[in-house]
Structure formats: C-alpha cells, structure tokens
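Novice: When the letters of the sequence shown are read in order and numbered with this note's numbering, they come out as residues 46 to 124.
Even for Gly, the Cβ is constructed at its ideal location relative to N, Cα and C.
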Amino acid sequence: MKKVILITAYAFAFVFLISFFSIDACMDAGGAWSDFGFTCHNPRENFVPQYMRPAPVFWGLVVFLSSMFTLLVNKIIPK
46 MKKVILITAY AFAFVFLISF FSIDACMDAG GAWSDFGFTC HNPRENFVPQ
96 YMRPAPVFWG LVVFLSSMFT LLVNKIIPK
C-alpha cells in the first residue's frame with residue numbers, strides 16, 4: 046500500500062509542477078490559461094507551452110522536486 050501512495054504522490058507532484066510552470070509561462074506571454082495550464086489562449090506570437098519545450102534544466106527541476114516531495118511523503122508515512 047505504501048508503494049501505491051508514493052507512486053501517487055510522485056505523479057501528483059509531477060503533474061502539479063508541469064501545470065504550475067505552464068500557467069506561469071502562459072501568463073508571462075500575455076495569454077489566458079485553461080485546462081489546468083495545458084491550454085493557453087491568445088498568447089503573444091511564437092509561444093511554446095512549457096511542457097513542450099526541450100529544456101533539460103526544466104525537466105530536471107520537475108523530476109527533482111517531485112522526488113523530494115515523494116521522499117517527504119515517504120518519511121511521513123509510518124512503516
């Protein structure tokens with residue numbers, strides 16, 4: 046059961062961070078976000094959604110922060 050909780054925590058953190066950064070990128074481009082940050086309406090030209098950018102630092106940060114959140118959940122949950 047603990048493994049299921051940890052996998053769920055990692056997936057939740059991963060999707061949350063991608064959504065958060067996508068909303069931020071959309072708003073920085075002057076657009077209006079919808080669909081939890083996965084759609085951006087009326088941005089400036091040449092806007093690429095954050096989750097579609099080949100940015101190793103971004104993806105490394107998302108994986109690292111998701112892992113740290115999962116580690117925290119692992120420490121909180123009793124054996």
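Report the CB separation of residue 87 from residue 77 in whole angstroms; it is logged as a contact under 8 Å.
Specialist: At roughly 6 Å, the Cβ-Cβ gap stays under 8 Å, so residue 87 and residue 77 are in contact.
Novice: Using the Cβ count rule (16 or more neighbours within 10 Å means buried), how would you classify residue 49?
Specialist: Its Cβ having fewer than 16 others within 10 Å, residue 49 is exposed.
Novice: Classify residue 67 as buried or exposed, calling it buried when 16 or more other Cβ atoms lie within 10 Å of its own Cβ.
Specialist: Label assigned to residue 67: buried.
Novice: By how many angstroms is the C-alpha of residue 120 removed from the C-alpha of residue 72?
Specialist: Approximately 35 Å, taken between the alpha carbons.
Novice: If you scan the segment 72–123 from start to end, which runs of the beta strand (DSSP E) of 3 or more residues do you find wholly inside it?
Specialist: Listed in chain order, the complete beta strand (DSSP E) runs (minimum 3 residues) inside the segment 72–123 are 77–79 and 84–86.
Novice: Just the C-alpha distance for residue 95 and residue 80, rounded to the nearest angstrom, thanks.
Specialist: Residue 95 and residue 80: Cα-Cα distance of roughly 14 Å.
Novice: Excluding the 5 residues flanking residue 47 on each side, which residues of the same chain have their C-beta closer than 7 Å to its C-beta?
Specialist: The answer, listed in chain order, is 122.
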